[in-house]
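Enquirer: All letters in the sequence shown, in the order written, are residues -16 to 302 by my numbering. The structure follows.
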Amino acid sequence: MGVLLAAALLSTEAHAAEQKPDAVHWPHRVEARLTGVKVIDKRMRDLMVSSPAMGISIPVRVILPASWSENPRATYPVVYMFHGGDDDYTSWTRETDVEALAKNADALIVMPDAGRNGYYSDWFAGNPRWETFHTHELVRLMEKKFRASRTRAVVGLSMGGFGALNYAAHNRGMFRYVASMSSYVDLNDPAVRLELALGTGKEGIDIKDVWGDPVKNADVWRAHNPAAMPGAFRGTHVHLSAGTSEPGPLDKGSASGVLLASVLGEAPLSGQMDRFARSLRSQGVDVTTHLYTPGTHSWPYWQAELHDIWPSVMKSIGR
């Protein structure tokens, strides 16, 4: 059955309900192409998507809805899940039990690659163009090939949480629910500026290539700073979570270097998120927070958080 489905997806358009184009979500038409489907198990597929915006093919992991095979004419809500800056599209299924959580979920779970330190942005230098790929090309492809509806939620961790917030702010109404785990939310925070300088330098990236010069191109930085756009989240439920950086039982067995990086990576985040949450509430945004202790910048805490928010994610998309 999996091989037949893969062949069908590559050769024909899956049936989808007639929908009018939504100009708010994609100001220009860019069509990605599905060029490969690898069957991982009964419901999991790895896709290769040829992206005009990126000029390359991007891998995307998908968990199909529980009733996908039984209801070939149904459309399904979507949960997009974004990985951290030094990881890839396999991370959510590798490090968490999201596939088990989704066992009975009649929703598409879509986990696209976003590059190593791609910043979930269309870069100021011109390429890469991750935001166009994720919010225009991939969304349209899922609707055309995988019967995705326009009911969506998004969950991201670390840099992926930053991307989830920016995508929601830039595309109002695209997501009913956005969850950001352990991400920075204010590009003007001195700790974030230092982390950006250290992190990009380590990876050989010039941060000016991403958003331009922080002074000369302050408007571009502002447009990618969630803290500068609280009003843009009206109509979307925002969930913010982070630890206070103190290690705890879930860190048991971590190598000292890994633990130190996890502590330092989480340290500035809960304060930022608390301030951001207050700013969101002042703008009438529906927001929840989970600022917990102990908690480091590491997968055991994100796994626990995913379990905590999963019922809310499903409820937000009607599941």
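Backbone N, C-alpha and C define an ideal beta-carbon position, used for all residues, glycine too.
Starting from D105, follow its DSSP beta bridges and name the residues at the other end.
Expert: Counting from one through the sequence shown, the residue named residue 105 turns up at place 122. The partner list for D105 (beta bridge, DSSP) reads R112.
Enquirer: Any idea what DSSP makes of G267, helix, strand or coil?
Expert: Counting from 1 along the sequence shown, the entry for residue 267 is found at position 284. It is coil, neither helix nor strand.
Enquirer: With a CB to CB cut of under 6 Å and the five nearest residues on each side skipped, what residues in its chain are close to D5?
Expert: In the sequence shown, residue 5 corresponds to position 22, counting from 1. Below a pLDDT of 50, predicted positions are generally treated as unreliable, and D5, at 40, falls in that range; no measurement from the model is reported.
Enquirer: Tell me the rounded alpha-carbon separation between A15 and G38.
Expert: As a working note, residue 15 is residue 32 in the sequence shown. As a working note, residue 38 is residue 55 in the sequence shown. Roughly 10 Å between the two C-alpha positions.
Enquirer: Which ranges would you report for the beta strand (DSSP E) in the region 128 to 167 if only whole runs of at least 3 residues count?
Expert: 131 to 140, 160 to 164
Enquirer: Given W9, which residues of its chain have a CB within under 6 Å of its CB, disregarding the five upstream and five downstream residues?
Expert: By 1-based counting over the sequence shown, the position of residue 9 is 26. Annotation note: pLDDT 47 at W9 (below 50); position unreliable, no value reported.
Enquirer: Under 8 Å, do I23 and V62 count as touching if we go by C-beta distance?
Expert: As a first step, residue 23 is located in the sequence shown; it is residue number 40 there, counting from the start. As a first step, residue 62 is located in the sequence shown; it is residue number 79 there, counting from the start. No. Outside cutoff.
Enquirer: Provide the residue span of the beta strand (DSSP E) that contains P283, from first to last.
Expert: Along the sequence shown, one-based indexing puts residue 283 at 300. P283 -> not in any beta strand (DSSP E); alpha helix (DSSP H) instead, spanning 282 to 299.
Enquirer: In or out: V198 buried (at least 16 other Cβ within 10 Å) or exposed?
Expert: By 1-based counting over the sequence shown, the position of residue 198 is 215. Within a 10 Å sphere around the beta-carbon of V198 sit fewer than 16 other beta-carbons, which makes this residue exposed.
Enquirer: With a cut-off of 8 Å, do at least 3 Cβ pairs link the region 26 to 44 to the region 105 to 116?
Expert: Between the region 26 to 44 and the region 105 to 116 there are three or more C-beta pairs closer than 8 Å, enough to call the two in contact.
Enquirer: Rounded to the nearest angstrom, what separates A88 and N200 at their Cα positions?
Expert: Taking the sequence shown and counting its residues from 1, the one referred to as residue 88 is at position 105. Taking the sequence shown and counting its residues from 1, the one referred to as residue 200 is at position 217. One C-alpha to the other measures close to 43 Å.
Enquirer: Among D105, R133, A210, L223, whose alpha-carbon lies nearest the alpha-carbon of S165?
Expert: For the purposes of this step, residue 165 is identified with residue 182 of the sequence shown, where counting begins at 1. Checking every option, the nearest Cα to that of S165 belongs to L223.
Enquirer: What distance in whole Å lies between the Cβ atoms of D192 and A108, which are believed to be in contact at a cut-off of 8 Å?
Expert: By 1-based counting over the sequence shown, the position of residue 108 is 125. By 1-based counting over the sequence shown, the position of residue 192 is 209. About 4 Å separates the beta carbon of A108 from that of D192, a gap short enough to meet the 8 Å contact definition.
Enquirer: Beta strand (DSSP E) containing D333: first to last residue?
Expert: Nothing in the structure corresponds to residue 333, since the chain is present only between -16 and 302.
Enquirer: Helix, strand or coil: which one does DSSP assign to R302?
Expert: By 1-based counting over the sequence shown, the position of residue 302 is 319. Looking at R302 - three-state DSSP - the assignment turns out to be coil, as it is neither helix nor strand.
Enquirer: Note the first and the last residue of the continuous beta strand (DSSP E) segment covering T18.
Expert: In the sequence shown, residue 18 corresponds to position 35, counting from 1. Residues 16 to 22.
Enquirer: Assuming P60 contacts T134 under a Cβ cut-off of 8 Å, what Cβ separation, rounded to an integer in Å, is found between them?
Expert: Numbered from its first residue, the sequence shown carries residue 60 at position 77. Numbered from its first residue, the sequence shown carries residue 134 at position 151. With 8 Å as the limit, P60 and T134 qualify as a contact, their Cβ atoms being about 4 Å apart.
Enquirer: How about F216 and V168: are their beta carbons less than 8 Å apart?
Expert: Numbered from 1 along the sequence shown, position 233 holds the residue referred to as residue 216. Numbered from 1 along the sequence shown, position 185 holds the residue referred to as residue 168. Contact flag unset, no.
Enquirer: If contacts are defined as beta-carbon pairs under 8 Å, then I300 and R159 qualify, I think. What distance do you get, rounded to the angstrom?
Expert: By 1-based counting over the sequence shown, the position of residue 300 is 317. By 1-based counting over the sequence shown, the position of residue 159 is 176. Yes, they are in contact, since the Cβ atoms of I300 and R159 sit about 6 Å apart, within 8 Å.
Enquirer: Give the secondary structure of N55 by DSSP, where H, G and I count as helix, E and B as strand, and everything else as coil.
Expert: The count along the sequence shown starts at 1 and reaches residue 55 at position 72. Here the sequence assigns Pro to residue 55, which means Asn is not the residue at that position. Three-state result, P55: coil.
Enquirer: Which residue's Cα is closest to the Cα of P42: M94, L289, M142, E229?
Expert: Translated into the one-based positions of the sequence shown, residue 42 becomes position 59. Checked all of M94, L289, M142, E229; the closest Cα to P42 is M94.
Enquirer: From what residue to what residue does the alpha helix (DSSP H) around L47 run?
Expert: To locate residue 47, count along the sequence shown from 1; it is residue 64. Taken as a continuous stretch (DSSP letters only), L47 belongs to no alpha helix (DSSP H), as it is neither H nor E.
Enquirer: On the criterion of 16 or more Cβ atoms from any shown chain inside 10 Å, does P251 qualify as buried, or is it exposed?
Expert: In the sequence shown, the residue the question calls residue 251 occupies position 268. Its Cβ being crowded by 16 or more others within 10 Å, P251 is buried.
Enquirer: How should L124 be labelled, buried or exposed, when 16 other C-beta atoms within 10 angstroms of its C-beta is the threshold for buried?
Expert: Position 141 of the sequence shown, counted from the first residue, corresponds to residue 124. Counting Cβ neighbours within 10 Å, L124 comes out buried, since at least 16 surround it.
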